[in-house]
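Chains as they are written, first to last, in our numbering: chain B, 21 to 131; chain X, 15 to 128. Glycine residues also receive a C-beta, built at the ideal position from the N, C-alpha and C atoms. None of these values were measured; they are calculated from a predicted model.
What follows is the structure in structure tokens.
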């Protein structure tokens, strides 16, 4: 069965520091992978997605993610975090007309 | 352009009562979805619809029903609410129904079942 694991429930980084959020997936075929961000009290917004081609994907707000098939991973990165990046981040895999989300990683940003 | 609207914003409901959560999109998207979000579990798909007139079951469909009479509306009904249905419910839509589609989410409905 398809599944997505985000091993870090909470992460705290200092403003200006680099960030990496981990995501591992279980999927039998070529995965369609997504990262979404949820600000407090809001719905989810797409940051980036991967479904073919270059394994390094650029997204909005300066985020990028790298697909590594050998590690079944799709980690999200940002070189320099801003206070406005504080939010919850969800990794997801698409399977035809269904989508499976990880449990989320909550990011806190220290001034 | 409003995107996706959900109503009500929040609701407290007595167990055993019937409740319909409303979802409307103005993007003319073909596919629509209902998720529930619970702490530590992320989002889980309840039901989906690939196009008007069709619906399908997601991961956690029990206790919920949906209909898709037209493109814009996708209501979710709890026929007889139970406390375990306390959650935040998100409606989403996408232009198509494939695995690579971007989903657009509504602001959510917070439901407390007592």
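Against chain B, does residue 64 of chain X count as a neighbour if the rule is that its beta carbon must be under 8 Å from one of theirs? yes
Are the beta-carbon atoms of residue 90 of chain X and residue 77 of chain X separated by less than 8 Å? 8 Å or more divides the Cβ of residue 90 of chain X from the Cβ of residue 77 of chain X.
Chain B contact for residue 54 of chain X (CB, 8 Å cutoff): yes
Output, in chain order, the set of chain B residues within a Cβ distance shorter than 9 Å of residue 70 of chain X. 117, 118
Top-ranked residue by Cα proximity to residue 158 of chain B, from B:71, B:97, B:58, B:60: Because residue 158 of chain B is not part of the residues shown, which for chain B are 21 to 131, the question remains open.
Cutoff 8 Å: residue 83 of chain B Cβ touching any chain X Cβ: no
Distance check for residue 90 of chain B and residue 59 of chain B, CA to CA, integer angstroms please. Rounded to whole angstroms, residue 59 of chain B to residue 90 of chain B spans 32 Å at the Cα level.
So for residue 90 of chain B, helix, strand or coil by DSSP? helix
Could you list the residues in the stretch 68-96 of chain B with a C-beta less than 8 Å from some C-beta on chain X, going in chain order? Considering only beta carbons, the part of the stretch 68-96 of chain B lying closer than 8 Å to chain X consists of 69, 71, in chain order.
Buried or exposed, going by whether 16 or more other CB atoms sit within 10 Å of the CB of residue 99 of chain B? exposed
For residue 101 of chain X, write down the residues that DSSP places opposite it in a beta bridge. X:125
Does any C-beta atom of chain B lie closer than 8 Å to the C-beta of residue 57 of chain X? yes
If you draw a straight line from the alpha carbon of residue 5 of chain X to that of residue 61 of chain X, how long is it in whole angstroms? What the structure shows of chain X is the stretch from 15 to 128, and residue 5 of chain X is not part of that stretch, so it cannot be assessed.
DSSP beta-bridge partners for residue 41 of chain X? Bridge partners of residue 41 of chain X: none, in fact.
Using the Cβ count rule (16 or more neighbours within 10 Å means buried), how would you classify residue 34 of chain X? exposed
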